[in-house]
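Visitor: Numbering (the numbering used here), first residue to last: 2 to 224.
Glycine included, every Cβ here is placed at the ideal spot set by N, Cα and C.
Remember, it's a predicted structure, so these values are computed and weren't measured experimentally.
Here it is, written out as structure tokens:
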């Protein structure tokens, strides 16, 4: 089985698993005769993703390689399905109760996020580690690997925060582009009706300078 831990959702994980699997099978069979008449037996794969990001995800989600194909077909000759399990606190309770380490890791991660919302990240991680050790949450691991755990937690949280900010910025850019396109379309329609810049500005509740600027951009685009 192949396992992957992710703090950000990626639809490309099935493709990554396929590439990993190809390398694994290649290594497993390097001493076998793949051109012979005797079967070369290989273990059946399972693909599991443990997700603990901040974006809302269901307890379980199936990611398919076929979702990445450029052509949609009724049946695919090559398919790969990966099961993504949400291991955040409050999700997959049955799994969490069955796996103490996974449950305690979710508790630790939840504390880091909780404290990071109101104090510097390094302080938040340090507080979460100290509390977890005191309360017996990942106690042995955190005591033995305190410095490394702190470093990795800070790196992971910073990376997660950066990617979230990138997505938010991209969304805001998209919204702004959409607003500008809508404004230009409205201007174009009013110009076609013979409206003046003053009339258009008044109707759209924009400044005349803004209307002129948009008209210039439209003319530049149409050249």
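Excluding the five sequence neighbours on either side, which residues of its own chain have a C-beta within less than 7 Å of the C-beta of residue 116, listed in chain order?
Guide: Reading the chain shown from its first residue, position 115 is the one you call residue 116. Within the same chain, residue 116 has close Cβ partners 125, 128 and 129.
Visitor: Mark residue 213 as exposed unless 16 or more other C-beta atoms lie within 10 angstroms of its C-beta, in which case mark it buried.
Guide: Stepping through the chain shown from its first residue, residue 213 is reached at position 212. That one is exposed.
Visitor: So residue 65 is in the beta strand (DSSP E); what residue range does that whole segment cover?
Guide: For the purposes of this step, residue 65 is taken as the residue at position 64 of the chain shown. Its beta strand (DSSP E) spans residues 61-65.
Visitor: Where in the stretch 100-134 do unbroken runs of the alpha helix (DSSP H), each at least 4 residues long, occur, reported from the N-terminal end onward?
Guide: List check, alpha helix (DSSP H) in window: 101-117.
Visitor: Per DSSP, which one or two residues make a beta bridge with residue 52?
Guide: If you number the chain shown from 1, residue 52 lands on position 51. In the DSSP output, where bridge partners are listed per residue, residue 52 has 7 and 87.
Visitor: Just reading off the alpha helix (DSSP H) that residue 15 is part of, what are its end residues?
Guide: Position 14 of the chain shown, counted from the start, is the residue given in the question as residue 15. 14-29 is the extent of the alpha helix (DSSP H) around residue 15.
Visitor: Looking at residue 50: is its Cβ nearer than 8 Å to the Cβ of residue 19?
Guide: What you label residue 50 is simply residue 49 of the chain shown in a count that begins at 1. What you label residue 19 is simply residue 18 of the chain shown in a count that begins at 1. Going by C-beta atoms, residue 50 is not nearer than 8 Å to residue 19.
Visitor: For the alpha helix (DSSP H) that contains residue 47, what are its first and last residues?
Guide: To locate residue 47, count along the chain shown from 1; it is residue 46. It is not in any alpha helix (DSSP H) - residue 47 carries neither H nor E in the DSSP assignment.
Visitor: Take residue 141 as the anchor and find which of 101, 191 and 123 has the nearest alpha-carbon.
Guide: Within the chain shown, numbered from 1, the residue matching residue 141 stands at position 140. The option with the nearest alpha carbon to residue 141 is 101.
Visitor: When the Cα atoms are used, what is the spatial distance from residue 181 to residue 197?
Guide: Position 180 of the chain shown holds residue 181. Position 196 of the chain shown holds residue 197. Cα to Cα, the separation comes out at about 19 Å.
Visitor: Between the Cα of residue 110 and the Cα atoms of 79, 82 and 157, which residue gives the shortest distance?
Guide: Translated into positions along the chain shown, residue 110 becomes position 109. The option with the nearest alpha carbon to residue 110 is 157.
Visitor: Just to confirm, is the Cβ distance from residue 65 to residue 80 under 8 Å?
Guide: Position 64 of the chain shown holds residue 65. Position 79 of the chain shown holds residue 80. Going by C-beta atoms, residue 65 is nearer than 8 Å to residue 80.
Visitor: Going by DSSP, what residue range makes up the alpha helix (DSSP H) through residue 215?
Guide: Walking along the chain shown from the start, residue 215 turns up at place 214. Note, residue 215: alpha helix (DSSP H), 209-223.
Visitor: If you count every other CB in all the chains shown that lies within 10 Å of the CB of residue 105, and 16 or more means buried, which is it?
Guide: Stepping through the chain shown from its first residue, residue 105 is reached at position 104. Flag for residue 105 reads buried.
Visitor: Tell me which residue opens and which closes the alpha helix (DSSP H) that residue 199 is part of.
Guide: By 1-based counting over the chain shown, the position of residue 199 is 198. Note, residue 199: alpha helix (DSSP H), 198-205.
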